[in-house]
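The structure under discussion appears below in the form of structure tokens.
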Amino acid sequence: MVNLENKYQQQLKFSPSMNNNYQGWQGDLNTVSFDAVNIKNKLMNLNSPCYILNKEGQIGISNEGSLSYSANGKTQKLEMLLTVPTIGFHQLGDPTFLEFYGVKYAYMTGAMA
45 MVNLENKYQQ QLKFSPSMNN NYQGWQGDLN TVSFDAVNIK NKLMNLNSPC
95 YILNKEGQIG ISNEGSLSYS ANGKTQKLEM LLTVPTIGFH QLGDPTFLEF
145 YGVKYAYMTG AMA
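To convert, note that position 51 of the sequence shown is 95 in our numbering; the numbers rise steadily by one, no gaps.
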């Protein structure tokens, strides 16, 4: 659920009924975004995984770091709420359509009507 309090301060919130076994994320805290503009940029980066993180009740997003069950002391460890894997343009579209028209990317065939 996204709560847009105003256009300058976006807060992402998770439902309290969400059952999440603790999974850790380990990485550089400077790569975690909490503002609307940088969150959008990270979500639009389809070439990198997207980690939805909890830092002291504040939800942030990073495209860097990794799943971790133990901290090595060199990087910050946060609770990971969700992970969204990378997706390439070649994964979009119906495989039968791509094969039939002999194209690698569905969007290369023109406008959709």
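Ideal Cβ positions, reconstructed from N, Cα and C, are used throughout, including at glycine.
Inset, instruction - Kindly indicate which three-state DSSP category Lys99 falls into: helix, strand or coil? - result: The answer is strand: DSSP assigns Lys99 an E or B state.
Inset, instruction - Determine whether the Cβ of Leu111 lies closer than 8 angstroms to any Cβ atom of chain B. - result: The displayed structure is made up of one protein chain only, and chain B is not part of it.
Inset, instruction - Please look up how many angstroms separate the CB atoms of Met124 and Tyr149, rounded, as I've assumed it's under 8 angstroms. - result: Their Cβ separation, rounded to whole angstroms, is 31 angstroms, which puts Met124 and Tyr149 out of contact at 8 angstroms.
Inset, instruction - Give every residue of the same chain whose Cβ lies closer than 6 angstroms to the Cβ of Phe159, excluding the five residues on either side of it in the sequence, and list them in chain order. - result: Lying before the first or after the last residue shown, residue 159 is absent from the chain, which here runs from 45 to 157.
Inset, instruction - For Ser106, I'd like the list of residues in its chain whose CB is within less than 6 angstroms of its CB, leaving aside the five on either flank, ordered along the chain. - result: Here Ser106 has Thr75, Val76 and Tyr95 as same chain residues with Cβ atoms under 6 angstroms from its own Cβ, once five neighbours each way along the sequence are excluded.
Legend entry - Residue environment, Pro139, which counts as buried when at least 16 other CB atoms sit within 10 Å: Residue environment for Pro139: exposed (fewer than 16 other C-beta atoms within 10 angstroms of its C-beta).
Legend entry - Leu142: first and last residue of the uninterrupted alpha helix (DSSP H) it sits in: Note, Leu142: alpha helix (DSSP H), Pro139 to Tyr145.
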